[in-house]
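Down below is the structure, laid out as structure tokens.
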Amino acid sequence: MADAAMLYPMMRRRRRRGWRIRVSPRVRSIAVLAVCALLVLGGTAKLLLRPAPVDARVLLSNALTTWEAGNYNAARSNALAAVAAAPQSGAAQAVLARAYLELGEGLAAEAALTRAEAAGFPATRLHQLRAEARLLQGDADGALAEVAEAAPRYADYAERIRARALAVQGQTIAARAALERLVAEHPGNGQAWLDLGRLRFAGGDPGGASEAAGAAVRLLPRDPHALALEGEVVRARYGLVAALPWFEAALKRDTYAMPTLIDYAATLGETGRNAEMLAALRRAAAARPGDARVLYLYAVLAARAGRLELAGSLLERNGAVSGLAGAQLLRGAIDYAGGRWERAAASWRALSDNQPMNLTARRLLATALLRSGDAQGALAVLRPLAVRGDADAYALTLTARAFEATGDRVSAASFLDRAASAGRSASPSFATDEALATLQAEAADAPGDPTYAVGVIRGLIGGGDMGAALGQARTLVQGGAGTPAAQTAYGDVLALAGQRPDAAYARAADLRFDEPAMLRLIDARGRSGQADAAAATLALYLAQNPQSVAALRLLGHLQVAAGQWDAAIETLEGVRRRVGSGEVALLADLALAYAGDGDGEVAVRYGRAAYAAQPMNAGAADAYGVALAAAGRGDAARQVLDKAVVLAPGDPVIAGHRRQLG
75 MADAAMLYPM
85 MRRRRRRGWR
95 IRVSPRVRSI
105 AVLAVCALLV
115 LGGTAKLLLR
125 PAPVDARVLL
135 SNALTTWEAG
145 NYNAARSNAL
155 AAVAAAPQSG
165 AAQAVLARAY
175 LELGEGLAAE
185 AALTRAEAAG
195 FPATRLHQLR
205 AEARLLQGDA
215 DGALAEVAEA
225 APRYADYAER
235 IRARALAVQG
245 QTIAARAALE
255 RLVAEHPGNG
265 QAWLDLGRLR
275 FAGGDPGGAS
285 EAAGAAVRLL
295 PRDPHALALE
305 GEVVRARYGL
315 VAALPWFEAA
325 LKRDTYAMPT
335 LIDYAATLGE
345 TGRNAEMLAA
355 LRRAAAARPG
365 DARVLYLYAV
375 LAARAGRLEL
385 AGSLLERNGA
395 VSGLAGAQLL
405 RGAIDYAGGR
415 WERAAASWRA
425 LSDNQPMNLT
435 ARRLLATALL
445 RSGDAQGALA
455 VLRPLAVRGD
465 ADAYALTLTA
475 RAFEATGDRV
485 SAASFLDRAA
495 SAGRSASPSF
505 ATDEALATLQ
515 AEAADAPGDP
525 TYAVGVIRGL
535 IGGGDMGAAL
545 GQARTLVQGG
555 AGTPAAQTAY
565 GDVLALAGQR
575 PDAAYARAAD
585 LRFDEPAMLR
595 LIDARGRSGQ
605 ADAAAATLAL
615 YLAQNPQSVA
625 ALRLLGHLQV
635 AAGQWDAAIE
645 TLEGVRRRVG
655 SGEVALLADL
665 ALAYAGDGDG
675 EVAVRYGRAA
685 YAAQPMNAGA
695 ADAYGVALAA
705 AGRGDAARQV
715 LDKAVVLAPG
725 DPVIAGHRRQ
735 LG
């Protein structure tokens, strides 16, 4: 070590001097006690902050409480917590299954039921629940098999599921009879009333659905499903605005109830309350991210804001969206606006195939086909519209353009003449392509279903047998068929037979106050001299449906007729911004409104556009002549108004305009 010390001097030991603190025994004892106290306090704090032991029974009780309150999303969360705390609790699994069933999640419900049975929950208490779970998964046969195994104490529940399964299988009459028998025997069964209301509503019987939904709400005042059904029925019978409080009441029970959120958001959007619609959609997206219905409604909002590319990307984000009828309509509109005619036609063809009675879809499809160069295809689509006596000017003009594209100028001229005609014969019912014998056979197979009876009436109308059609329609409504379709068919036959249809249309509108019912009733009341009643009908409809283009268009026309120029301009310009400048009657009304307001130059621009589109249209010629007169161009105005008088010699309004000019 000495050698090492010599070679490495840094390793030499040195005597170090340091500070030493002398601590008395007493101080040392106090320090030890302090450390011990800190350790004790730390341990106590840890014990106090540690979560209390989870009591599965409390969690299960919470799940049952929220389930009974109608908050099914909270019930599911509480039941999941109870299952996590006690995985082998059959009761917890059964309650979880009930929550899943209320949320419409059949697969998850059946899995929970399987776990409940494995945990020892009696299988005899689960058959009716498993039946509903199978039905929610689309397995009607499996549901019926489980119903057959249900214990007698659950007979009412099982009968409800059996009826719903029959409806899924297409046996709607038997399903309805089963539920009506159940509520007759057990009038206090709110769930049976709820199922009956849903079935009646889906079957086109809003009057019967209203009765059942009202009973369900009285018996189940905390059930969001009953409140939401009442909202759907009220929306159909009375309008959008009246339905909103019912949807809001349902969402107070279960904030994240997905179907109700969708209905609520869509209804808000249709009333023009887009900011509130967006808030509802955000809640729906939080409840179920990526849901096709949410993406579709987001796309609708984007399209309304003019952001078509964003709307298109939202529609493409999820393939499930493309199957929705509204998405097909919107997708086609986006493609059409971008000049992609073939893609627009493909979307609208899919919609028209799924909804062959949708006149708007047919018009749109024909427009896209014509723009893409398929004139023959456009004619094939337009034929059911063009043969109607009450075909609108747009459909007739489109038919004429299609004939022009094929080189048939004679047929084109004929349809242009019809489009220009001021008067049209009545043909309210949509013509059917099915043979009368086929329709009668279908009605015979379903004697209690008014839908098929209405089909027979349409077939008789199409065949020209008005006497038989009137007799069948009268028998149908006298037999107690309270559906709006039956009342509407009766009114249509009365109109075609030259009788007053306004009472039948009023009954139909009382059952379902939608746009066709509103237009029929206003027209009938106007023709029978009930101008005040017609105006009240329009005002009532607009109060409930403030964004309806058809109602606003009619309001603007009536404002022009009443000389309310400023109001008419505001109304009609709002309509034009939404639908464009392609409707001749709209352009003519705008020309008259601006002329009456003293703005001749603007009036001339609108009048010239209407006249250029349909020079043989008496209304367009009249509006152009009035506009020219307002602009101080009297000679030109006289020439155009003379033509209008020739085109419509019996029109007192046009004749009056010509007399005023002198």
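According to this note's numbering, the sequence shown holds residues 75 to 736 in order. Where a beta carbon is used, it is the ideal one built from N, C-alpha and C, also for glycine.
Looking at Leu593, Ala385, Gly180, the one whose alpha-carbon comes closest to that of Ser622 is Leu593. The C-beta distance from Ala190 to Gln211 rounds to 18 Å, too long to fall under 8 Å, and the pair is not in contact. With a 10 Å radius around the Cβ and a threshold of 16 neighbouring Cβ atoms, Asn428 comes out exposed. Between Ala376 and the set Asn348, Ala617, Ala358, the nearest pair of CA atoms involves Asn348. Taking 4 residues as the shortest admissible run, the region 384–447 contains the following complete alpha helix (DSSP H) segments, listed from N- to C-terminal end: 399–411, 415–428, 433–445. Between Gly412 and Gly386, the alpha-carbon positions lie close to 11 Å from each other. Relative to the Cα of Glu644, the nearest Cα in the group Leu626, Val720, Asn145, Ser426 belongs to Leu626. The way I'd put it, the region 429–437 does touch the region 452–467; three or more beta-carbon pairs between them come closer than 8 Å. Ser622: not part of any alpha helix (DSSP H); DSSP gives it neither H nor E. Per the C-alpha coordinates, the member of Arg227, Tyr231, Gly194, Ala542 positioned closest to Arg204 is Tyr231.
By the criterion of at least three beta-carbon pairs nearer than 8 Å, the region 640–659 is not in contact with the region 444–453. In this structure, DSSP gives Val374 a helical state, which the three-state scheme calls helix. Fully enclosed alpha helix (DSSP H) runs of no fewer than 4 residues occupy 246–259, 264–276, 280–293, 298–311 of the region 246–325, in order along the chain.
If you look at Asp716, you'll find it in the alpha helix (DSSP H) that goes 708–721. Cβ atoms of Leu303 and Ala287 come within 8 Å of each other, at about 5 Å. Rounded to whole angstroms, the Cβ separation of Ala701 and Gly672 is 12 Å, and the two are not in contact under 8 Å. With contacts defined as CB atoms closer than 8 Å, Ala186 and Leu209 fail to qualify as a contacting pair.
DSSP places Gln202 inside the alpha helix (DSSP H), whose first and last residues are 201–210. Ala130 is positioned such that its CB atom lies closer than 8 Å to that of Ala159. By a beta-carbon distance limit of 8 Å, Ala300 contacts Leu268. Their separation comes to about 5 Å. Excluding five sequence positions before and after Ala283, the CB atoms of its chain that fall closer than 6 Å to its own CB belong to Gly271, Arg274, Phe275, Val307, given in chain order. Measuring C-alpha to C-alpha distances from Leu175 to each of Gly313, Ala149, Ala165, Glu206 identifies Glu206 as the nearest. Here Glu478 has Ala486 as same chain residues with Cβ atoms under 7 Å from its own Cβ, once five neighbours each way along the sequence are excluded. Excluding its 5 nearest sequence neighbours in each direction, Leu544 has C-beta neighbours in its own chain below 8 Å: Val567, Leu568, Ala571, listed in chain order. Listed in chain order, the non-local C-beta contacts of Thr345 below 8 Å within the same chain comprise Leu314, Val315, Leu318, Asn619, Pro620, Gln621, local neighbours out to five positions each way being set aside.
Ser485 carries a helical assignment under DSSP once its states are collapsed to helix, strand and coil. Taking the C-beta atoms as reference points, Arg356 is found no nearer than 8 Å to Ala143. Rounded to whole angstroms, the separation of the alpha carbons of Gly400 and Ala695 is 37 Å. For Asn147, the secondary structure class from DSSP, reduced to helix, strand or coil, is helix. Counting of Cβ neighbours within 10 angstroms places Asp365 among the buried residues, the total reaching 16 or more.
Non-local beta-carbon contacts of Phe489 in its own chain, meaning distances under 6 Å to residues more than five positions away in sequence, involve Leu470, Thr473, Ala474 in chain order. The continuous stretches of alpha helix (DSSP H) do not include Glu179, and DSSP gives it neither H nor E.
Under the three-state reduction of DSSP output, Gln162 falls in the coil class, being neither helix nor strand. Per DSSP, Glu647 is one residue of the alpha helix (DSSP H) stretching across 639–653.
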